[in-house]
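**Student:**
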Amino acid sequence: MPYNIAMVSDFFFPQPGGVESHIYQLSTKLIDRGHKVIIITHAYKGRTGIRYLTNGLKVYHVPFLVIYRETTMPTVFSFFPIFRNIVIREQIQIVHGHQSLSSFCHEAILHARTMGLRTAFTDHSLFGFADAGSILTNKLLKFTLSDVDHVICVSHTCKENTVLRASLDPLMVSVIPNAVVAENFRPLHITPRANDRLLGGTIQIQPTPKPIGPNDIITIVVISRLFYNKGTDLLIAAIPRILASHPNVRFIVAGSGPKAIDLEQMLERNVLQDKVEMIGAIRHEEVRDVMVRGHIYLHPSLTEAFGTVIVEAASCGLYVVCTRVGGIPEVLPQHMTTFAKPEEDDIVLATSKAISALRSNKVRTERFHDQVKVMYSWTDVARRTERVYMGISGDISPQEFYGYYPGEIQEAGDRVRNFSLIDRLKRYYGCGVWAGKLFCLCVVIDFLLYTFLEMWLPRANIDIARSWPKKLSEMNGNSTQSERDRLGSTT
Amino acid sequence: MSPLPDSPPPVPPPVPVETHPNRTGSLKPPSELRALPDPTRLAPEDAYYSPSLLRSRPGTATYEEPIRPLSGKAATAASVAALRPPPAVPGAAARKENRKLRGTGARRRRKGAWKKLLWVKQSYPDNYTDTETFLDHLQRNPRVRPYDFWPLVADSTVIVQHVCSVAIFICCFVGIVQGRVSPVSVVCWGSVGTVVGWILWDWWAFREHTENRRAAERAMEGDDGSSASSMTSSVNPSHQRSNAQKENQVQGLGLSIAQNEPGVPLRRHSTGLSADSFTAQDPASPPGYANGIVGPFNSQTWQLNNHFPSFLSRNRQRLSTVKSAFLIYFSLLGLSPILKSLTKSTASDSIWAMSCWLLIMNIFSFDYGRGEGAGATKFPASLSTNAAVMASTVLASRLPSTTHVFSLMLFSIEVFGLFPIFRRQLRHISWTGHIFLTLALVTVAGGAVGITLRGGWAGAVVGSFLGSILTALTMGGCSWWLISLQKYKNVVSGPWDPARPVIRRHWD
Chain F
29 MPYNIAMVSD FFFPQPGGVE SHIYQLSTKL IDRGHKVIII THAYKGRTGI RYLTNGLKVY
89 HVPFLVIYRE TTMPTVFSFF PIFRNIVIRE QIQIVHGHQS LSSFCHEAIL HARTMGLRTA
149 FTDHSLFGFA DAGSILTNKL LKFTLSDVDH VICVSHTCKE NTVLRASLDP LMVSVIPNAV
209 VAENFRPLHI TPRANDRLLG GTIQIQPTPK PIGPNDIITI VVISRLFYNK GTDLLIAAIP
269 RILASHPNVR FIVAGSGPKA IDLEQMLERN VLQDKVEMIG AIRHEEVRDV MVRGHIYLHP
329 SLTEAFGTVI VEAASCGLYV VCTRVGGIPE VLPQHMTTFA KPEEDDIVLA TSKAISALRS
389 NKVRTERFHD QVKVMYSWTD VARRTERVYM GISGDISPQE FYGYYPGEIQ EAGDRVRNFS
449 LIDRLKRYYG CGVWAGKLFC LCVVIDFLLY TFLEMWLPRA NIDIARSWPK KLSEMNGNST
509 QSERDRLGST T
Chain R
23 MSPLPDSPPP VPPPVPVETH PNRTGSLKPP SELRALPDPT RLAPEDAYYS PSLLRSRPGT
83 ATYEEPIRPL SGKAATAASV AALRPPPAVP GAAARKENRK LRGTGARRRR KGAWKKLLWV
143 KQSYPDNYTD TETFLDHLQR NPRVRPYDFW PLVADSTVIV QHVCSVAIFI CCFVGIVQGR
203 VSPVSVVCWG SVGTVVGWIL WDWWAFREHT ENRRAAERAM EGDDGSSASS MTSSVNPSHQ
263 RSNAQKENQV QGLGLSIAQN EPGVPLRRHS TGLSADSFTA QDPASPPGYA NGIVGPFNSQ
323 TWQLNNHFPS FLSRNRQRLS TVKSAFLIYF SLLGLSPILK SLTKSTASDS IWAMSCWLLI
383 MNIFSFDYGR GEGAGATKFP ASLSTNAAVM ASTVLASRLP STTHVFSLML FSIEVFGLFP
443 IFRRQLRHIS WTGHIFLTLA LVTVAGGAVG ITLRGGWAGA VVGSFLGSIL TALTMGGCSW
503 WLISLQKYKN VVSGPWDPAR PVIRRHWD
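Same order as they appear, the protein sequences are chains F and R. The opening residue of the first sequence carries number 29 in this note's numbering; numbering runs sequentially from there. The opening residue of the second sequence carries number 23 in this note's numbering; numbering runs sequentially from there.
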């Protein structure tokens, strides 16, 4: 049962970021599993129209008005004509939206439901409930998600948050974590690439590096955008204290942001320029090269849904010191991490603990890479996402998908969202006293627009796009790297 | 993948509670609530190091059972939060033993307990919802203080005072415009009140000052040795609790010394500054401050220095206050012809609407706080004063002569600029005086409204009577309303909220 899937989000390449690479990696792995995946996003500068990426991944860059930080203008209906056209051209069955701040994604889910398609939604971030922005976003999310078929969250904390924000049935929310491409985050002693520094052209796996002596330099790496919510204030407060109590420690700070000035001021005030190296913003490809220069990765973030970067750090063989916030405690096992409270004193304490643990060679960091490789892989993510697709399109029985409880068959039947307009309106009506009526109005207008489009631009006049030729090997899901490389080289 | 239905055990096993600090009760000190949840809850080591389960869990029966309310049509936040089992009962220990024995059933060993971890491959489906741990870090209304009725009513007197003084101002204006009241008499009465208020205020300041000095002397005699250390420690910006009392005196003195500098242009400014010097929160140390204190004083010379400049500074301060009063007086006198014709070309309707809005803005943006702490600087109190002065400026153009304009402007400065300072100080000094002032203001405002609407002394009596009753009813009703609205308060917080970083500011 290969599906035709459309990933819709405002955020995609060429803009760098976590959501963007998530969409890309998931799409490639789904293509490897035999599905057809297209991506719909808005036009970026110099990138309009249709593009093909590696593996035959087709990207539609739809021209649209961008208002703020690559988010499009939330017009409820204006996306519908071109969206319908794309969906019919590509014979899409499942529309999968990403990221709750993307208005493209919300509109696409609404229109897809009107057109009778199955929908899924992935939430990548955490939101509070107090401030005005969150309240508005949460209402919008409730609007979209009251009729969505399934929701995917990247961590259990994220799931709790989304269930509360959108008043969802928890069984309709799956937790599928992010993953890392472990080959791109190898530690220094596993260096298959010839151009890597220090180890020259060696291809073989090196013997494990010699243990750290009591007086060797330990380098602590920090890679994060220097914003308030990334905990830069904690970092600024903690660095001088850590350096004061541990003379043989150096810092490497990568990233830029509004707090960079504060950080530099701290360095100048305490005359720490020779111990703290600031290398500014780096590209995602360079992250590994920076990481392998260190021994400890410090992550003082204040909120985090998943924290891909700490998985990348652990994959590079770094011992991780991080704050216990958001979904971070779920991500890595205890022997790879030291947790701290988001307090200056506790971060200093945890870092000191980590330094002494490394000095006494209690931590086997050289094994981290293989362990992380087993824990997180995009193939696994794609397999689990595929199960969600099977569940929402009825290839797995609802009893199996949502769990079977005796005497609850009619309840389980309710989770399967049928397309009849009156049932959809019922679901939207429960969203709130005024919001419910407004949402119902939107849905009715959307439906009328759909009928109008069916008459004005009949389906028969829309050409069906030819799919990318599928590879011949059977779709067993265990597609290897070599297969992908071969296919990638043909494009 | 999904758990198959087993026959439920006869007794539904209790839920272990000892690992759930957030669930057992809501009565916790706020400091604990602020902290992150118990670290043992999510600690991954029990999953990784020991295959045997540290936290024993119920079998399939509890998996099915509490999920039933979940599958309702709209699982709202409240219902999700409500599905969590009730907190522990004291007699649960014995039953827990029982469950532990039963817990090692074949099914348990086969499936393993679900863990709230992402790195572990679990045999549960991705949409599995563990009813025991799901949302168990959720806190509702963690920092809500319930209001009490009478303190709320007492606090609302501040608003009543301000609204009353605005009403009095409006009535005076209406009286002046309609020619019922002479503007000169209004401003005279206002000025007399202001002068009386200032004398009172000055006397309070003097009394507090002498008390402070006496206390300082007592402290000096009590411990000669440590006084020097307290003085030096006051130079250090880090406040130490034990020395807080002495620091207050020292800083208060320091500020009043600093008042010697000439060039405090407005009377309002000078009074505001010295008012601060007596509450002495956190002064931005002026140059005189450090000079007056740092230095090798022993206690004797320090006391001498203490006596002299205090009298001098008080007199100088009075002098500067009088000076700035005259400054305002004469500049207003000079400005009044300009103000009179400033908005003459604007239609009267626009003037009424504009002044209405400006006065409403004044009432809503007025700083009703105590004028201390972090909240005092958060909202610009100047906005409200500016709005009021602008309202009176706009209104002044409807008056016939320059004397009228001058009187109204001076009166508005007295009412909106100086009176709030006096009221705040009065509330600080004596609560009875505050209550009496409130009563007087309510009566006068009611009477003024009565005269304006009906005219005559009968109107005044009826107006003040009705006004008092209405005010009392409104105060009580609004307080009761606010308290009854508290039950709708639903603040949800959990691990998804951004953490508040705790930083010791010693690097600044």
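Heads up, the beta-carbon is just placed ideally off N, CA and C, and yes, glycines get one too. Note that the structure is a prediction, hence the values are computed from the model and not measured.
1. Going by DSSP in three states, F:ALA368 sits in which element: helix, strand or coil?
2. Taking C-beta pairs closer than 7 angstroms, name the residues in chain R that F:LEU326 reaches, listed in chain order.
3. Could you give the distance in angstroms between the alpha-carbon of F:VAL471 and the alpha-carbon of F:TYR88?
4. Could you give the distance in angstroms between the alpha-carbon of R:ALA189 and the alpha-carbon of R:VAL471?
5. So which residues of chain R does F:ASP261 contact, with C-beta pairs closer than 8 angstroms?
6. Contact criterion: CB-CB distance below 8 angstroms. Does R:LEU157 meet it with respect to chain F?
7. Over the uninterrupted alpha helix (DSSP H) stretch that includes F:VAL391, give me the two end residues.
8. Run through chain R and tell me which residues come within less than 9 angstroms of F:PRO205, C-beta to C-beta.
9. Counting only C-beta atoms, is F:THR314 closer than 8 angstroms to chain R at any point?
10. Determine the direct distance from the alpha carbon of F:LEU481 to that of F:ARG75, and round the result to whole angstroms.
11. For R:SER93, count the other beta carbons within 10 Å of its own beta carbon; 16 or more makes it buried, fewer makes it exposed. Which is it?
12. Which residue wins for smallest C-alpha separation from F:GLU394, given the options F:ILE240, F:PRO205 and F:PHE155?
13. For the structure I just gave you, are there three or more beta carbon pairs, one from the segment 131-138 of chain F and one from the segment 153-172 of chain F, closer than 8 angstroms?
14. Let me know the secondary structure DSSP gives R:THR454 once reduced to three states.
15. Of all Cβ atoms in chain F, is any one closer than 8 angstroms to the Cβ of R:TRP518?
16. I need the straight-line Cα distance from F:VAL182 to F:ARG311, nearest angstrom please.
17. Which term fits R:GLN183, buried or exposed, when burial requires 16 or more other beta carbons within 10 angstroms of its beta carbon?
18. So what does DSSP say about R:LEU495, is it helix, strand or coil?
19. Do the segment 376-388 of chain R and the segment 345-363 of chain R make contact, defined as three or more Cβ pairs closer than 8 angstroms?
20. I'd like to know whether the C-beta of R:ASN149 is nearer than 8 angstroms to at least one C-beta of chain F.
21. In the structure shown, what three-state DSSP assignment does R:PHE444 receive?
22. Identify, in the order they occur along the chain, each residue of the same chain with its Cβ nearer than 7 angstroms to the Cβ of F:ILE490, setting aside the five sequence neighbours on each side.
23. Is there contact here, the segment 494-508 of chain R with the segment 245-263 of chain F, by at least three beta-carbon pairs under 8 angstroms?
24. Can you name the residues of chain R whose CB is closer than 8 angstroms to the CB of F:ASN189?
25. How many Å lie between F:ASN32 and F:LYS64 at the Cα?
26. Name the DSSP beta bridge partners of F:MET35, please?
27. If the cut is a Cβ gap below 7 angstroms, which residues of chain R does F:PHE1 touch?
28. I want to see whether chain R comes within less than 8 angstroms of F:HIS126, judged by CB atoms only; does it?
29. What residues of chain R sit near F:MET29, judged by a beta carbon separation below 9 angstroms?
30. Whole-angstrom Cβ separation of F:THR12 and F:ASP151, contact assumed at under 8 angstroms?
31. Helix, strand or coil for R:ALA237? Go by DSSP, reduced to three states.
32. Nearest chain R C-beta to F:MET418 closer than 8 angstroms, yes or no?
33. What runs of the beta strand (DSSP E), each 3 residues or longer, lie entirely inside the segment 151-212 of chain F?
34. On the three-state DSSP scale, how would you describe F:LYS498?
35. Could you tell me which of F:MET35, F:HIS274, F:PRO205 and F:HIS178 sits nearest to F:TYR404, measuring between CA atoms?
36. Taking its Cβ as the centre, do 16 or more other Cβ atoms sit within 10 Å of R:PRO359, making it buried, or is it exposed?
**Tutor:** Once the coordinates are examined:
1. Note: F:ALA368 maps to strand in three-state DSSP.
2. Per Cβ cutoff of 7 angstroms: no residues; F:LEU326 is ~14 angstroms from chain R at best.
3. Computed Cα separation, rounded: 25 angstroms.
4. Computed Cα separation, rounded: 8 angstroms.
5. Residues of chain R passing the Cβ test: PRO523 and ILE525.
6. At a cut-off of 8 angstroms between beta-carbon atoms, R:LEU157 makes contact with chain F.
7. Annotation for F:VAL391: no alpha helix (DSSP H) segment contains it, and DSSP assigns it neither H nor E.
8. Using a Cβ-Cβ cut-off of 9 angstroms, F:PRO205 is close to LEU140 and TRP141 of chain R, given in chain order.
9. It is worth fixing the name first, because residue 314 of chain F is Glu in this sequence and not Thr. False, the Cβ-Cβ gap to chain R never drops below 8 angstroms.
10. Their Cα atoms are separated by approximately 28 angstroms.
11. Legend: pLDDT at R:SER93 = 38, less than 50; position of this residue unreliable, value from coordinates given subsequently. The residue in question, R:SER93, is buried, as its Cβ has 16 or more Cβ neighbours within 10 Å.
12. The residue with the shortest Cα to Cα distance from F:GLU394 is F:ILE240.
13. Judged by Cβ distances under 8 angstroms, the segment 131-138 of chain F makes contact with the segment 153-172 of chain F, as three or more pairs qualify.
14. Assignment of R:THR454 by DSSP, reduced to helix, strand and coil, places it in the helix class.
15. Residue contact with chain F for R:TRP518: present (Cβ-Cβ distance below 8 angstroms to some residue of chain F).
16. If you take the alpha carbons of F:VAL182 and F:ARG311, they lie about 23 angstroms apart.
17. With 16 or more other Cβ atoms from the protein chains shown falling within 10 Å of its own Cβ, R:GLN183 counts as buried.
18. Three-state DSSP puts R:LEU495 in a helix.
19. Contact fails between the segment 376-388 of chain R and the segment 345-363 of chain R, because fewer than three Cβ pairs, one in each stretch, are under 8 angstroms apart.
20. True, the Cβ-Cβ gap to chain F drops below 8 angstroms.
21. Looking at R:PHE444 - three-state DSSP - the assignment turns out to be helix.
22. Within the same chain, and ignoring the five residues on either side of F:ILE490 in sequence, the residues whose Cβ sits closer than 7 angstroms to its Cβ are ASN113, ILE116 and ARG117.
23. No, the segment 494-508 of chain R is not in contact with the segment 245-263 of chain F.
24. For F:ASN189, the chain R residues whose Cβ falls inside 8 angstroms of its Cβ are GLY516 and TRP518, in order along the chain.
25. Each residue's Cα considered, the two are about 5 angstroms apart.
26. Its beta-bridge partners are F:ILE67 and F:HIS124.
27. There is simply no residue 1 of chain F to check, as chain F begins at 29 and stops at 519 in what is shown.
28. In terms of beta-carbon proximity, F:HIS126 stays away from the interface with chain R, with every pair separated by 8 angstroms or more.
29. Within 9 angstroms Cβ-Cβ: nothing; F:MET29 doesn't reach chain R, min ~17 angstroms.
30. Shown here, chain F extends from 29 to 519; a query on residue 12 of chain F therefore has no answer.
31. Here DSSP, grouped into helix, strand and coil, assigns R:ALA237 to helix.
32. At a cut-off of 8 angstroms, the C-beta of F:MET418 has no neighbouring C-beta in chain R.
33. Scanning the segment 151-212 of chain F from its first residue to its last, the whole beta strand (DSSP E) runs of 3-plus residues come out as 178-181 and 201-203.
34. Assigned with DSSP and collapsed to three states, F:LYS498 falls in coil, not helix or strand.
35. Residue F:PRO205 is the option with its Cα nearest to F:TYR404.
36. Under this definition R:PRO359 is an exposed residue.
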